[in-house]
Amino acid sequence: MIRRILKPLFGAAALALFVVATLAQGASYDETYQKYVKSDGSIVVPSDYRTELVFVGTFSVAGGDEQGGQAEFHQVYMDRDSIEHYRRTGEFPDGAIIVKELQNVRALDMTTGHASSWKKDAGWFLMIKDAKGRFPGHGSWGDGWGWALFAASDRMQSTTKDYKAECIGCHLPAKRTDWVHVWAYPLLGAEERFADFNP
24 MIRRILKPLF GAAALALFVV ATLAQGASYD ETYQKYVKSD GSIVVPSDYR TELVFVGTFS
84 VAGGDEQGGQ AEFHQVYMDR DSIEHYRRTG EFPDGAIIVK ELQNVRALDM TTGHASSWKK
144 DAGWFLMIKD AKGRFPGHGS WGDGWGWALF AASDRMQSTT KDYKAECIGC HLPAKRTDWV
204 HVWAYPLLGA EERFADFNP
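Encoded structure:
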């Protein structure tokens with residue numbers, strides 16, 4: 024008798040939790056478009072990405088000096104909900120945001136050896152997941168994403184006019200993983216998922 028009563032209660036509770044989680048998740052992703060995408064499809068750089076998003080990895084670009092100093096750092100941030108969603112499903116949800124911070128660096132001799140560190144911001148590159156095809160024909164949107172490169176002097180106006188000509192070439196090695204270099208971001212847990220993936 025008790026089992027008959029409790030079974031539908033547990034079912035209703037589980038359904039309620041699922042609905043709440045889904046609504047919360049949807050609201051979070053909708054917020055991406057409300058805050059960082061204008062009605063005409065223009066993308067802007069979040070002013071608070073260093074504190075609001077999660078740091079997931081770095082690309083170090085060689086060539087700073089003859090002693091092995093680096094030329095640039097590319098620091099990458101993602102929203103927490105999308106990281107958790109990717110870990111569960113292996114896919115990026117609609118509204119996922121990826122911010123790559125481009126940094127000029129300086130090389131210097133320290134007590135620990137020859138090292139490189141941040142010198143100044145050089146710009147940003149953003150990707151925003153668009154599973155709905157919101158901006159057909161727009162030069163910054165396509166292949167499931169919004170693509171936008173920014174100069175350090177203006178985080179409100181992207182320089183990208185044609186993502187196919189200006190952006191996607193660097194992402195061709197990652198086409199299999201939805202154009203994102205997931206193997207470089209340990210928080211995504213992609214090494215096990217793509218054990219045979221050779222970028």
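Just so you know, the sequence shown maps onto residues 24 to 222 in this note's numbering.
A virtual CB, placed ideally from N, CA and C, is assigned to each residue, including glycine.
Remember, it's a predicted structure, so these values are computed and weren't measured experimentally.
For a test of the three-state rule: what should DSSP assign to Gly-165, helix, strand or coil? In the structure shown, Gly-165 sits in a strand (DSSP, three-state: E or B).
Hey, Ile-106 and Leu-195: beta-carbon distance below 8 Å or not? Leu-195 is positioned such that its CB atom lies no closer than 8 Å to that of Ile-106.
What does a CB cutoff of less than 7 Å around Phe-82 pick up in its chain, not counting 5 residues either side in sequence? For Phe-82, where only same-chain residues beyond five positions count, the Cβ hits under 7 Å are His-97, Ala-207.
Can you round the beta-carbon distance between Val-67 and Tyr-100 to whole angstroms, since I take them to be within the 8 Å contact cut? Between Tyr-100 and Val-67 the Cβ distance is about 15 Å, and since that is not below 8 Å, they are no contact.
Determine the extent of the alpha helix (DSSP H) in which Thr-74 is found, giving its start and end residues. Where Thr-74 is concerned, the enclosing alpha helix (DSSP H) stretches over 72–75.
With distances taken Cα to Cα, identify the nearest neighbour of Gly-156 among His-204, Thr-112, Arg-103, Gly-167. Comparing Cα-Cα distances from Gly-156 to each of His-204, Thr-112, Arg-103, Gly-167, the minimum goes to Gly-167.
Check whether Phe-115 and Asp-53 have beta carbons under 8 Å apart: Cβ distance not < 8 Å, so Phe-115 and Asp-53 don't count as in contact.
Using the Cα positions of Gly-64 and Ala-145, report the straight-line distance between them to the nearest angstrom. Cα to Cα, Gly-64 sits roughly 23 Å from Ala-145.
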